[in-house]
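**Q** Residue numbers (the working numbering): 1150 to 1307. Think of the CB as a built atom: it goes at the ideal place given N, C-alpha and C, for glycine as much as any other residue.
Shown next, in the form of structure tokens:
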């Protein structure tokens, strides 16, 4: 028997992490609290992945027909990388707010860069005009992206 870390990811952005016991038969022993929580979430959320980390190695968790969980095959490098990228697929409300603030910060810096370019340019040519226009366009685009991130946070019914 070994103690391992179980990670369950859901499409709505919820990530559950809890300790479980892995028996020598590869069967997982979940706590009653975790079993009840997984049962409730199964009705309302779509589960993306379930994995267990034993001795630093990640494995898939498979559910048998009788409802018990067993350790499956080892996760490949691609699957481990994709699970990290899924965090960007469904960000939490605070992550969306921070993304909006970061986009607004980059928007301000692009606008400052355009202003500095206009101020510092002594001879105007096509390259300077294109750079200034692109910086202004980037600033406007990032401002809109930041606004979208903020407007998504305050949606009622979430």
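Rounded to whole angstroms, what's the CA-CA distance from residue 1160 to residue 1191? Just pull it up for me.
**A** Answer to the nearest angstrom: the Cα atoms are 12 Å apart.
**Q** Since residue 1196 is in the beta strand (DSSP E), which residue starts that stretch and which ends it?
**A** Run containing residue 1196: 1196–1203, per the beta strand (DSSP E) assignment.
**Q** On the criterion of 16 or more Cβ atoms from any shown chain inside 10 Å, does residue 1291 qualify as buried, or is it exposed?
**A** That one is buried.
**Q** Let's test the definition: count the other Cβ atoms within 10 Å of the Cβ of residue 1218 and tell me whether it reaches 16, buried, or not, exposed.
**A** With 16 or more Cβ atoms within 10 Å of its Cβ, residue 1218 is classed as buried.
**Q** Nearest by alpha-carbon distance to residue 1167: which of 1178, 1173 and 1174 is it?
**A** Measuring from the Cα of residue 1167, the nearest candidate turns out to be 1178.
**Q** Taking all protein chains shown into account, decide if residue 1205 is buried (16 or more other Cβ within 10 angstroms of its Cβ) or exposed.
**A** Result: exposed.
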